[in-house]
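See structure below.
Here is the structure:
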């Protein structure tokens, strides 16, 4: 089964040449150059936290994480976890076969890894949640730009973002990936949504501290206690849990920004973060 792009022409250009150009512009504006994959990289990065707004808003933030990933070496498997914005599909939705298409080509699903994770979680394969969901899709062109067709994906969409479920998802991912090499886990999330700039920065600072401390419980408690409208806290918790179990010892916040830097609107902003979790 081929999953066609749902948000090409909206979140990013539908034309392959223009898409490559905007990705390169994001790299240059954030990292200072267009990175090339380092074949001798140490492969220390286990997890990446990356935003999923339109590239004009969050592309430069996302580019920072993917720049570091490129310098870290070659990957073969990307487990990409996103929140469910549509309400369609299963509480935990894993597409286990076929491919995803973007203007840059097709990316195959790693059937073996996907099925093993689904079995660990006791969930059945599900396609419905992925039909219109953008959070996973917008990560793929960055990965394709860097790695071409030389990697496979496992798309996981989370409607159920309870703490226990998120932790269980992370544990399942770690158990399966422990038998593989050259993998990365990408948590797709934006931070605070549609609040004044000062409020968003204050709330987002709590999230950033939790991520850099690799404290998934503190992150969850902050979201609930301070009413933080972070859309992908479940995927982020799952990534922290999995990364720690797979040997991550530190986390770095690479770049933070808000939509105000693009729109000039400081009354209704969305926060964006790029971070990495490393061995």
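Residue numbers (this note's numbering): 238 to 516.
In this text, a Cβ means the ideal position worked out from N, Cα and C, and glycines have one as well.
What you are looking at is a predicted structure, and each value in this text was computed from that prediction instead of being measured.
**Study point:** Status (buried if at least 16 other CB within 10 Å, exposed otherwise) for residue 254
**Key:** Exposed, since its Cβ has fewer than 16 Cβ neighbours within 10 Å.
Check your understanding: Who are residue 514's beta bridge partners in DSSP?
Key -> The partner list for residue 514 (beta bridge, DSSP) reads 284 and 488.
**Study point:** Helix, strand or coil at residue 373 [DSSP, three-state]
**Key:** In the three-state reduction of the DSSP assignment, residue 373 falls in the coil class.
Point to revise | Cβ neighbours of residue 487 in the same chain (closer than 6 Å, five flanking residues each side left out) | key: A distance below 6 Å between beta-carbons, with the five flanking residues on each side excluded, links residue 487 to the following residues of its chain, in chain order: 515.
Review point. Hey, out of 474, 439 and 434, whose CA is closest to residue 452's CA?
Key: Closest in alpha carbon position to residue 452, among 474, 439 and 434, is 474.
Check your understanding: Is residue 494 helix, strand or coil when you go by DSSP?
Key -> In the structure shown, residue 494 falls within a strand segment according to DSSP collapsed to helix, strand and coil.
Review point. By DSSP, does residue 394 sit in helix, in strand, or in coil?
Key: Reduced to three states, the DSSP call for residue 394 is strand.
Point to revise | Top-ranked residue by Cα proximity to residue 383, from 305, 467 and 466 | key: 305 is the residue among 305, 467 and 466 whose C-alpha sits nearest the C-alpha of residue 383.
Review point. Considering residue 466, what are the terminal residues of the alpha helix (DSSP H) in which it resides?
Key: First-last for residue 466: undefined, no H or E at that position.
Practice item. Could you check which residue in 243, 278, 302 and 291 has the C-alpha nearest to that of residue 264? Key: Nearest option by C-alpha distance: 302.
Check your understanding: Taking the alpha helix (DSSP H) that residue 413 falls in, what are its first and last residues?
Key -> Where residue 413 is concerned, the enclosing alpha helix (DSSP H) stretches over 400-414.
Practice item. Return the CA-CA distance between residue 348 and residue 334, expressed in angstroms with no decimal places. Key: Residue 348 and residue 334 have their C-alpha atoms roughly 5 Å apart.
Review point. Does the segment 446-464 come within contact of the segment 378-396, defined as at least 3 CB pairs closer than 8 Å?
Key: The segment 446-464 is not in contact with the segment 378-396.
**Study point:** Proximity winner among 267, 369, 459 and 461, relative to residue 243 (alpha-carbon distances)
**Key:** Put simply, of 267, 369, 459 and 461 the residue whose alpha carbon is nearest the alpha carbon of residue 243 is 369.
**Study point:** Neighbourhood of residue 276 by C-beta, 8 Å cutoff - its chain only, sequence neighbours within 5 removed
**Key:** Counting only Cβ-Cβ distances below 8 Å, and skipping sequence neighbours, we find 310 and 311.
**Study point:** 7 Å Cβ shell around residue 492 - same chain, five flanking residues per side excluded
**Key:** Cβ within range, chain order: 267, 298, 301 and 511.
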